[in-house]
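Here is the structure we will look at.
So, in structure tokens, the structure goes:
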């Protein structure tokens with residue numbers, strides 16, 4: 682499985698929000714983004730547009746360049762992890 | 682004007698393609714992306730989905746983490762440029 686930018690970005694944004702002790706509601710309000718959309722972005726389920734990404738960075742008070750550097754680090758860490766062996770549905774249950 | 686991720690990403694992808702001496706046609710073929718779409722991504726006019734970004738990185742043979750680091754550097758360089766004073770239409774003409 683390839684590492685997906687939106688998943689690494691979502692995890693990064695969520696961590697930054699947590700570390701600033703802000704709620705989804707606060708960030709969505711400041712960024713003027715719906716709470717549901719922000720939540721989907723954080724879970725890596727939606728691509729954030731560049732404008733939305735700027736708005737979220739603004740609400741988190743973190744420069745876009747810093748966010749992208751964190752995402753790059755996270756992508757690199759994931760990409761270099763040795764994949765676990767595939768589990769059969771039986772083993773996973 | 683805020684710096685937009687898609688514009689910095691587009692410039693980065695174009696530079697990487699140029700430095701590998703590949704044509705738009707070659708990269709679009711390898712990445713299985715339409716030439717028009719790739720061109721729009723390079724010009725910062727379209728957001729690249731995470732899957733598409735992976736395909737382009739694969740075609741360029743550059744790890745995603747490296748691309749994102751270059752984008753971060755580019756965002757930072759743009760963000761720290763001192764804006765020129767606004768010119769009036771008369772002065773600009």
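Residue numbers (my numbering), protein chains in the order written: chain A, 682 to 774; chain B, 682 to 774. For every residue, glycine included, the Cβ atom is placed at its ideal position computed from N, Cα and C. Just so it is clear, the structure is predicted and the values come from calculations on it, not from any experiment.
Inter-residue spacing [alpha-carbon to alpha-carbon] between residue i and residue j
i: residue 715 (chain B); j: residue 709 (chain B); result: 6 Å
i: residue 689 (chain B); j: residue 754 (chain B); result: 9 Å
i: residue 743 (chain A); j: residue 704 (chain B); result: 36 Å
i: residue 719 (chain B); j: residue 713 (chain A); result: 30 Å
i: residue 696 (chain B); j: residue 700 (chain A); result: 35 Å
i: residue 702 (chain A); j: residue 723 (chain A); result: 15 Å
i: residue 758 (chain A); j: residue 687 (chain B); result: 23 Å
i: residue 698 (chain A); j: residue 756 (chain A); result: 19 Å
Distance CB(residue i)-CB(residue j) smaller than 8 Å
i: residue 737 (chain A); j: residue 694 (chain A); result: yes
i: residue 730 (chain B); j: residue 728 (chain A); result: yes
i: residue 746 (chain B); j: residue 683 (chain A); result: no
i: residue 711 (chain B); j: residue 740 (chain B); result: yes
i: residue 725 (chain B); j: residue 691 (chain B); result: yes
i: residue 706 (chain A); j: residue 750 (chain B); result: no
Residue of the options minimising C-alpha distance to residue i
i: residue 734 (chain B); options: B:757, B:706, B:748; result: B:748
Residue i in three-state terms, based on DSSP
i: residue 847 (chain B); result: Since the first residue shown for chain B is 682 and the last is 774, residue 847 (chain B) is missing from the structure and cannot be characterised.
i: residue 745 (chain A); result: helix
i: residue 685 (chain B); result: coil
i: residue 693 (chain A); result: helix
i: residue 773 (chain A); result: Reliability of the predicted coordinates at residue 773 (chain A) is poor, the pLDDT of 48 falling under 50, and the value obtained from them is presented with this limitation in mind. It is helical.
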